[in-house]
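In what follows, a single structure is set out as structure tokens and then discussed.
Number of protein chains: 2
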Amino acid sequence: MQFDQNGSMTKKLTSPARMPERVSSSDWAGLRQLLSDQVIAHLAFPFEGRAMVLPSAIALDGESILIHGSTGSRWMRQLATGVPVTASIASLEGLVYARSGFESSMIYRSAVLFGSCRRVTGPELESALDRLVDRLLPGRTVELRRPTRKEFAATLVLRMEISDWTLKTANFWPEDPESDIAGTAWAGVLPIFSVYGQPLAAPDLREGIPLAKSVAELAGKPVFEPDSSGLRLP
Amino acid sequence: MQFDQNGSMTKKLTSPARMPERVSSSDWAGLRQLLSDQVIAHLAFPFEGRAMVLPSAIALDGESILIHGSTGSRWMRQLATGVPVTASIASLEGLVYARSGFESSMIYRSAVLFGSCRRVTGPELESALDRLVDRLLPGRTVELRRPTRKEFAATLVLRMEISDWTLKTANFWPEDPESDIAGTAWAGVLPIFSVYGQPLAAPDLREGIPLAKSVAELAGKPVFEPDSSGLRLP
Chain A
1 MQFDQNGSMT KKLTSPARMP ERVSSSDWAG LRQLLSDQVI AHLAFPFEGR
51 AMVLPSAIAL DGESILIHGS TGSRWMRQLA TGVPVTASIA SLEGLVYARS
101 GFESSMIYRS AVLFGSCRRV TGPELESALD RLVDRLLPGR TVELRRPTRK
151 EFAATLVLRM EISDWTLKTA NFWPEDPESD IAGTAWAGVL PIFSVYGQPL
201 AAPDLREGIP LAKSVAELAG KPVFEPDSSG LRLP
Chain B
1001 MQFDQNGSMT KKLTSPARMP ERVSSSDWAG LRQLLSDQVI AHLAFPFEGR
1051 AMVLPSAIAL DGESILIHGS TGSRWMRQLA TGVPVTASIA SLEGLVYARS
1101 GFESSMIYRS AVLFGSCRRV TGPELESALD RLVDRLLPGR TVELRRPTRK
1151 EFAATLVLRM EISDWTLKTA NFWPEDPESD IAGTAWAGVL PIFSVYGQPL
1201 AAPDLREGIP LAKSVAELAG KPVFEPDSSG LRLP
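Chains as they are written, first to last, in my numbering: chain A, 1 to 234; chain B, 1001 to 1234.
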């Protein structure tokens, strides 16, 4: 990964002031895993003296992320101007019940990505859209007709080059002082999972059309394997 | 809810340019439900010419949200200076399989809150911390010893008054044109749920300490009832 031109600013943004053992700017596999497990990023950018922030689905593509929206979206158009963009992604994976409120915490992975966007046009647009659709709905593009010229024209796809990033992982057992361990409070972890439910056919689905293979492959399964963030023993 | 002083700026931030039927700035019960179902917000604020954004647990308290962190956290200290803060919360609740990539989408609720923070001090601090702990770990404070003076001193609690906000709800069946409905592609919705797993006792838990009631009440249950965002028929 490259660092952007403004090294000192970047360093200020990514060098952790606290708990450095939980923060990485080099664990690219960890970042890729998080972006594979969580599809929603919160995109922040300067707007009239304050920071605006909005959620969006994203798809990792090489060392950049793809974002899409309507050409009619003013926020997408604002992002397309090349303003600095900061993206935040978080995955809450458990509650940590320590013996005090002070030590209570959460199991999570989170990342902050820095960069700016440019509009994807020309021949690159079709493959970028396919990648976005298959990220949101894995295996779906081969089940669908191709987009029309009109649909391409109505879709704004942005590519945000990741100039810098940081990944934070908190997956620790409660860490209580001896005096609290000696007390009567229970301590441990309550995991949180995301799972796909059972498919609901659209009310206007024609009779005789079988469930799509792409949907059948997800139904009833965990959105991601919790193993990817297994607890570390203290 | 009150609007902040700078009406025109606020209007620009919250008046939707597209799909206004999905956006509300008056459905306070809907916003409260979202903040009850999702604990993580992404807090954005201006920093050295760009927008910084970080995830944090939040707790709704009246018409404001509470945030907490370490007094050693520079981002918390930056928020405490009173800079304008924008908070983004999203809940992804399903995948919408339309008959084209263009109409494919997601079922979600999201909110953007505008305001600024002030530090909570004095007698208000203790109840604010209790509220935060019980938001993250429902029913937990009564099972724990009271915080110590040292712990209070090490904790920075911020209150962000919500001066303005917007709530977006997307829970629609696929809306395909007749020509696509006549095709062979399956269409429908695949719900996504969050569920609590089974409790994992801390390795240093002393023998004979029973599972906490607060944990037993969540274990194996959905994090929130999906009914709260039930699909609307087209």
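Even for Gly, the Cβ is constructed at its ideal location relative to N, Cα and C.
Buried or exposed for Gly220 of chain A, please, with buried defined as at least 16 other CB atoms from any protein chain shown within 10 angstroms of its CB. exposed
Interfacial residues, the segment 1084-1096 of chain B to chain C, with Cβ spacing under 7 angstroms: The structure shown has no chain C; the protein chains it does contain are A and B.
Leaving out the 5 sequence neighbours to the left and right, which residues in its chain are closer than 8 angstroms to Ser1194 of chain B when beta-carbon positions are compared? Exclusion of the five residues before and after Ser1194 of chain B leaves Pro1222, Val1223 and Phe1224 as the residues of its chain whose Cβ lies within less than 8 angstroms of its Cβ.
Contact criterion: CB-CB distance below 8 angstroms. Does Phe172 of chain A meet it with respect to chain B? no
Just to confirm my understanding: we take Gly115 of chain A, look at its own chain, exclude 5 residues before and 5 after, and list those with CB closer than 7 angstroms. What are they? Val85, Met160, Glu161, Ile162 and Ser163
What residue range does the beta strand (DSSP E) around Ile1209 of chain B cover? In the DSSP assignment, Ile1209 of chain B falls outside any beta strand (DSSP E), carrying neither H nor E.
In this structure, how does DSSP classify Asp1130 of chain B when only helix, strand and coil are distinguished? helix
So, are the CB atoms of Ser88 of chain A and Val112 of chain A less than 8 angstroms apart? yes
Ser158 of chain A, enclosing beta strand (DSSP E) - first and last residue: Rather than Ser, the amino acid found at residue 158 of chain A in this sequence is Leu. Thr155 to Ala170 is the span of the beta strand (DSSP E), which, as asked, contains Leu158 of chain A.
Between the Cα of Leu95 of chain A and those of A:Arg118, A:Asn171 and A:Arg146, spot the shortest distance and give me the residue it belongs to. A:Asn171
is_contact[Met106 of chain A, chain B] using C-beta, thresh 8 angstroms: Answer yes: the Cβ-Cβ gap between Met106 of chain A and chain B drops below 8 angstroms somewhere.
As a quick exercise: from B:Arg1135, B:Gly1208 and B:Ile1107, pick the residue whose alpha carbon is nearest that of Arg1022 of chain B. B:Ile1107
Does the beta carbon of Glu21 of chain A come closer than 8 angstroms to any beta carbon on chain B? In this prediction, Glu21 of chain A has a pLDDT of 45, which is less than 50 and means its spatial position is unreliable; what the coordinates show is noted afterwards. Closer than 8 angstroms: no.
Between Leu66 of chain A and Gly1062 of chain B, what straight-line distance do the alpha-carbon atoms span, to the nearest angstrom? 38 angstroms
Looking at chain B, which residues of the segment 165-198 of chain A have a Cβ within less than 8 angstroms of any of its Cβ atoms? Residues passing the 8 angstroms Cβ filter: Trp173, Pro174, Asp176, Asp180, Ile181, Ala182, Gly183, Thr184, Ala185, Trp186, Ala187, Gly188, Val189, Leu190, Pro191, Ile192, Phe193, Ser194, Val195, Tyr196, Gly197 and Gln198.
For the 8 angstroms Cβ check, are there 3 or more pairs between the segment 1180-1191 of chain B and the segment 196-203 of chain A? yes
Measuring only from the beta carbon, is Val1053 of chain B closer than 7 angstroms to any heavy atom that is part of the ligand ZN? The ligand ZN is not among the ligands present in this structure, which contains no ligands whatsoever.
Under three-state DSSP, which class holds Arg50 of chain A? Correct three-state label for Arg50 of chain A: strand.
Is the beta carbon of Arg99 of chain A closer than 8 angstroms to that of Asp176 of chain A? For Asp176 of chain A and Arg99 of chain A, yes; Cβs fall inside 8 angstroms.
Looking at the secondary structure, which residues open and close the beta strand (DSSP E) in which Ser105 of chain A lies? Element bounds for Ser105 of chain A: Ser105 to Arg119.
Are the CB atoms of Glu143 of chain A and Ser214 of chain A nearer to each other than 8 angstroms? yes
7 angstroms Cβ cut-off: residues of chain B touching Asp37 of chain A: Result: empty, since nearest Cβ-Cβ is about 12 angstroms, beyond 7 angstroms.
Leu1095 of chain B lies in the beta strand (DSSP E); which residues open and close that run? Pro1084 to Tyr1097
Reduced DSSP category for Leu1144 of chain B - H, G, I as helix; E, B as strand; rest coil: coil
Measuring CA to CA, which of A:Gly72, A:Leu211, A:Ser64 and A:Ile58 is closest to His42 of chain A? A:Ile58
Local Cβ density within 10 Å of Pro123 of chain A, reported as buried at 16 or more and exposed below that: exposed
Quick check on DSSP: helix, strand or coil for Glu1021 of chain B? Its pLDDT being 45, under 50, Glu1021 of chain B is placed unreliably in this model, and the coordinates cannot settle the point.
Could you tell me the alpha carbon to alpha carbon distance between Phe977 of chain B and Pro210 of chain A, rounded to whole angstroms? With chain B running from 1001 to 1234 in the structure shown, residue 977 of chain B is simply not present.
In the DSSP assignment, find the unbroken beta strand (DSSP E) run with Leu190 of chain A in it and report its ends. Gly188 to Tyr196
Identify the continuous alpha helix (DSSP H) that holds Ser1026 of chain B and give its terminal residues. Run containing Ser1026 of chain B: none; DSSP gives neither H nor E here.
Proximity to Thr141 of chain A [Cα-Cα], best of A:Asp27, A:Ala212, A:Asp37 and A:Arg32: A:Ala212
In angstroms with no decimal places, state the Cα-to-Cα distance between Ala1182 of chain B and Arg145 of chain A. As the crow flies, the alpha-carbon of Ala1182 of chain B is around 12 angstroms from that of Arg145 of chain A.
One question on the structure: do Ser73 of chain A and Leu156 of chain A come within less than 8 angstroms of each other, judged by their Cβ atoms? When the beta-carbon positions are compared, Ser73 of chain A and Leu156 of chain A come within less than 8 angstroms of each other.
What does Asp1204 of chain B reach in chain A if we use C-beta pairs closer than 7 angstroms? Neighbours of Asp1204 of chain B in chain A, taken as residues at a C-beta separation under 7 angstroms, are given in chain order as Ile181.
Identity of the residue in A:Thr169, A:Leu158 and A:Ser104 nearest Ser127 of chain A by Cα: A:Leu158
Any idea what DSSP makes of Ser1073 of chain B, helix, strand or coil? coil
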